[in-house]
Structure formats: C-alpha cells, structure tokens
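Residue numbers (our numbering): 1174 to 1681. In this text, a Cβ means the ideal position worked out from N, Cα and C, and glycines have one as well.
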RNA sequence: GGGCCUUUAGCUCAAUGGUUAGAGCAGGGGACUCAUAAUCCCUUGGUUCCGGGUUCGAAUCCCGGAGGGCCUACCA
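Listed below in structure tokens is the structure:
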C-alpha cells in the first residue's frame, strides 16, 4: 500500500507563528489522523523555511548571524506543533544538511541536462530595499515611491530554469487529473495563469546581494533563490525513505497555490524526472472579527496564548468546525463561545459527565451488560449507523465542518435517548423488568458515547482519549472495528466525574 | 482591463434539476432533575441578492446586473 504522504507548507521564520500557521497545521493533522484511523500508512511532514533576504536583514538588524537567528525562531514553530498536538512524523528545516544536499543534487542534475542557463537580466533596482522593482510599483508620473530610495536601472546575471518548455505538459496534466488541484474551482485559476506564456524562472541571486542561501553547486558566486530551496523540502525530507514519495497531499494556503505550488513545483519535479504529487489542497484564510488579520493593528490571535486560556482541543475543534475547507472564515470570540458552550461543554461534555454519574449511582461504577432491547435502543443504533455511514465520506472529502455537525446530531440523539429512558426513574423502581431496562440504558448510553467520541478522534484526540479513559476503555489505533456497535464496555469500571470543557466562570 | 469564487432564516452552514428549501445557535413556550443553571420536546423565523430565460419542474442550468472576496503581481 502506498504511504499516504501529507505535508504542510513550511513556515518562513521571519516572525512568530500566528493563527494562519496554526490552522494549516491543525487541518493537515486532522487529515493525517483521519487517514491513520482509516488504516492508511501515513507520513506527515512539516517544517520551516529559513533562508532568504528578509531573514538576512532581520539577523543583521539584531546583530546576530543568520543561523543563530533562525535557530532562535525555528523552535517556536516546533513548539507550536507540540502544543497543538500535531502528529507530524518529521520536521524539516531548510538549513539542515540533508535538505541542502538534495537541493544541490537536483540543481546540478538540471544544469547538466541543460535545463538551467545563465542570462542577463535588466531591471530597476532599489538599493535601500535590496530588491528589483516591478513596473507596476511605479507612481503615475513615472517616479518610484519614497520607500525605495534611489532606484537605478542595472543589469545583472542570473540563472534561469526553463519553465516555459513544460507549460503544455502541465496544462494537459491538470486537465486530465481533476484531483490534482483541490478544491476543484482553484484549478481554473491555475489554468488561467497558464493561458499566458510562462517566463523562465529566475532561480538565483548573486552573492553580493544575498548571502543567506544555498550556493549553486555549479557556480559558488550565486545562491539559490527561494523556489528550489523551499519547495524541495517536500522531497528532500523523504528522499531516503522508500515508498513515501510522491506526496499524496500538499496542504497550502490559497495564496501560494499560483504560481509556486501549482506551476513551479510540478514542473521542477517533472524536469528532474521525479513523480509529481497526487494532489494540492488549498485552504482559505481566517479573518478576525470580520477584518483582515494584522499584527500592526493588533487584530490577530496568538495561537499558543489561546491554547493556554481555552485548551488545545477547544481551538482545534473551533478551527475545524467553523471553516469550510477552501473558503475563508471569520474568527470571533463570540462564535467561539457558541461552539464551546453549546457543542463541546453542554452537548458532549455534559453527556460524559451524566453518563459517569448514572453509572456510578445506579450500577456501582461498572458498565452493565445489555439486557432486553426495545425500540429506543434500536432507534438510537439506527441513528448511529446512519451517522457513521455519512461522516466517513464527508471526512474523505474534507468536509469536516459538515461531518462534525452530523456527529453532534448523534450526540444529541444520545442525550435524547437518555431522556426517553430516564434511568433516574428506573433506578427508583424495584420491579425486575425496570431494573433490566436500567441496565440496558446504562450500557447503551456508554456505548453510544464511546462510538460518538471515536468519530471525533482526528479532531480532538486528547479529549477523546480522556473520554475513553473515564469509560475504562482503550481505543484501537484504527477504525477497522472500532466503530462497530458492540458491548466492549461491559464490565468496565468508570471514573467518578469528568469535566472536559469547564464553563468560563468555573475556569481557573 | 481580463478571469475565478461567493451571496440560502438574526448568525454559522446544508440541500445528485424533483414532495411543503433543511440543521445548529440565537428568540419564544413547555417538560424534566442523572448532569457543567445542563438536558429533552414544541415553536417563531425564507421574495434562496435582483431581473430575465430554458424546463413538466430551478437555490441548483443559461444570460444580464448588484454586493462581497480573490487571482492576474514575493507573504499561512
């Protein structure tokens, strides 16, 4: 079986992680965990992008070496993964030897094949910003904006990759493989980009301008410029792991789909004779309180602070529940509280607690065996079968928001079942028939809770483990038979109480 | 300028061209007490952005328009 290999974009370490970074990690993690539960062999990669001009500048501004600078920032991203309970198998940094070696190999190979050539490039250059300027950045009167300082027209030599010669191949591939770019409507955007002739891609910077990069193997006076450095991480991380490449999914933000991931990357690989990824999944962006996220205006969410305050699963749940994958979404504390209170705390959390309580009170803390089964049990089981059958395909299509809604409908049905059986009334009866139904109802609610929470495994893994734990249960590593209604809780002894999602006034 | 996406209840979202457009939350009413003042039941709420067209039948397909977002041009 082909390994299910999934990646996030690597984050540029010129600043601290924010909500967007956190979302992409969580989304990818949910997919990875879901595939593992489905029985796939999963390999999950994330990492950091650590070269380039901005980092060189930031390091210089602080008077430290670039390596020291990135060594200080990269751990923040690793720490974020830990705190978000991201189940990545590897974390690659583009400053690692294993990465640089592969980048050089690919570049040398393409150079030897004549796919990379040297050419002169003429353009307007801002010394202050240390960058070439685009014609469109110019003012109406032809002058350049103040921030660029002195702008001069210069000629510079650089290396170029023959992108254009693969244009038709890529167009054909995208048209023949509708799964290649997801959501599908994004493929139109890529094809539109490809409807104009591609320019060859400048892949180097002279060392006088940019030192902080990977030197070209065939010309030490130049370093690699972004594309071959950053994109190659997906490949370099697994080049020595047989059976992992090609990637099944690259999960990225919609902003870096066109052109890097959908155009440069497949062409780079194809030119090297390497298989290209199966699929690229482009997600949307978060706004905050209806406005664009921005550090300068203070309109941003610090993911780790949020986790400290509200808990990792509260954040994971909200991000996945609220966002329709591919679309943009808004993050507001009000909406967060709606999800937290009504879904996590009241519907699910309270179900856990009342189940424990009743099992303690009416069955000496041990999940009883199922007695006589009536219409109520049959009906609840039918809801389960329906939920189970609907949720898996929804998750497979990344419709997590809809899937979660269905799961919570089942949780509600379980709460309703409990009302219908009213074990607290049965507990007062000495009639053996009532006692038998009591046993059945306690066993049924526990089993429903085990199953319903199991479906939440990929999204809120820590919480699900706690729920299973207080039910005296240890879940299997896949859903193969985990999701089958049964009696595996019979005889398990349960905990006294468990508050999973405390209400705000009761939080410490 | 060209292109893409989007618009469904107060809010967040569903609905292979097919009964009377559905859920959750919020609002209103009731029930219950095992439970985190929770839970359960009932209920109010719609010109599916607007205007045409195709069709036996349109939220869905076509044309035109409006609002919002985005790509075309480095940044989750």
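Rounded C-alpha distance that separates residue i from residue j
i, j, result
"residue 1615", "residue 1558", "19 Å"
"residue 1414", "residue 1406", "14 Å"
"residue 1680", "residue 1672", "Because the pLDDT of residue 1680 is 43, which lies under 50, any placement of that residue in the model is unreliable, and the number read from its coordinates should be weighed accordingly. Taking the straight line joining both Cα atoms gives about 11 Å."
"residue 1485", "residue 1289", "47 Å"
"residue 1179", "residue 1338", "29 Å"
"residue 1430", "residue 1636", "34 Å"
"residue 1666", "residue 1215", "34 Å"
"residue 1504", "residue 1513", "13 Å"
"residue 1317", "residue 1422", "42 Å"
"residue 1186", "residue 1264", "14 Å"
"residue 1565", "residue 1654", "14 Å"
"residue 1246", "residue 1648", "37 Å"
"residue 1266", "residue 1365", "33 Å"
"residue 1305", "residue 1463", "34 Å"
"residue 1300", "residue 1652", "59 Å"
"residue 1243", "residue 1228", "8 Å"
"residue 1645", "residue 1613", "18 Å"
"residue 1560", "residue 1283", "51 Å"
"residue 1686", "residue 1420", "With the chain covering 1174 to 1681 only, the question about residue 1686 has no answer from this structure."
"residue 1327", "residue 1272", "33 Å"
"residue 1521", "residue 1581", "8 Å"
"residue 1277", "residue 1412", "13 Å"
"residue 1451", "residue 1436", "14 Å"
"residue 1325", "residue 1573", "52 Å"
"residue 1620", "residue 1662", "7 Å"
Limits of the unbroken alpha helix (DSSP H) element including residue i
i, result
"residue 1587", "1573-1594"
"residue 1530", "1523-1536"
"residue 1540", "That residue, residue 1540, is in no alpha helix (DSSP H); it is neither H nor E in DSSP."
"residue 1332", "Where residue 1332 is concerned, there is no enclosing alpha helix (DSSP H), although the beta strand (DSSP E) it sits in stretches over 1324-1334."
"residue 1441", "1438-1444"
"residue 1647", "No alpha helix (DSSP H) contains residue 1647, which DSSP labels as neither H nor E."
"residue 1639", "1634-1643"
"residue 1254", "1239-1256"
"residue 1202", "1192-1210"
"residue 1348", "1340-1349"
"residue 1490", "1485-1495"
"residue 1557", "1548-1569"
Same chain, Cβ closer than 8 Å to residue i, neighbours up to 5 away in sequence not counted
i, result
"residue 1425", "1181, 1182, 1197, 1434, 1453, 1454, 1455, 1456"
"residue 1257", "1195, 1198, 1199, 1202, 1476, 1480, 1485, 1488, 1489"
"residue 1357", "1351"
"residue 1281", "1390, 1391"
"residue 1567", "1573, 1575, 1576, 1579"
Neighbourhood of residue i by C-beta distance below 7 Å, restricted to the same chain and skipping five residues each side
i, result
"residue 1240", "1268"
"residue 1624", "1557, 1656, 1658"
"residue 1260", "1202, 1205, 1206, 1217"
"residue 1192", "1459, 1466, 1473, 1474, 1476, 1504"
"residue 1664", "1539, 1540"
"residue 1275", "1405, 1408, 1409, 1412"
"residue 1607", "1599"
"residue 1642", "none"
"residue 1546", "1613"
Cross-strand partners of residue i (DSSP beta bridge)
i, result
"residue 1459", "1502"
"residue 1220", "1265"
"residue 1464", "1461"
"residue 1613", "Looking at the DSSP assignment, residue 1613 forms no beta bridge with any residue, so it has no partner."
"residue 1454", "1355, 1424"
"residue 1687", "No answer is possible for residue 1687: it lies beyond the span of the chain, which begins at 1174 and ends at 1681."
"residue 1666", "1539"
"residue 1185", "1222"
"residue 1215", "1177"
Continuous beta strand (DSSP E) stretch holding residue i: start and end
i, result
"residue 1425", "1422-1426"
"residue 1177", "1177-1181"
Cβ-based neighbour list, residue i, same chain, cut-off 6 Å, excluding 5 preceding and 5 following
i, result
"residue 1403", "1222"
"residue 1250", "1184, 1190, 1221"
"residue 1176", "1214, 1216, 1416, 1417"
"residue 1232", "1239, 1242"
"residue 1496", "1502"
"residue 1577", "1494"
Any non-hydrogen atom of the ligand MG within 6 Å of residue i CB
i, result
"residue 1386", "Among the ligands in the structure shown, none appear at all, so the ligand MG cannot be discussed."
Exercise for review: With a floor of 3 residues, list each beta strand (DSSP E) that falls wholly inside the region 1274-1309, ordered by position along the chain.
Suggested key: 1289-1299, 1304-1306
Review point. Enumerated in chain order, which unbroken segments of the beta strand (DSSP E) with a length of 3 residues or greater are wholly contained in the region 1355-1415?
Key: 1377-1379, 1392-1397
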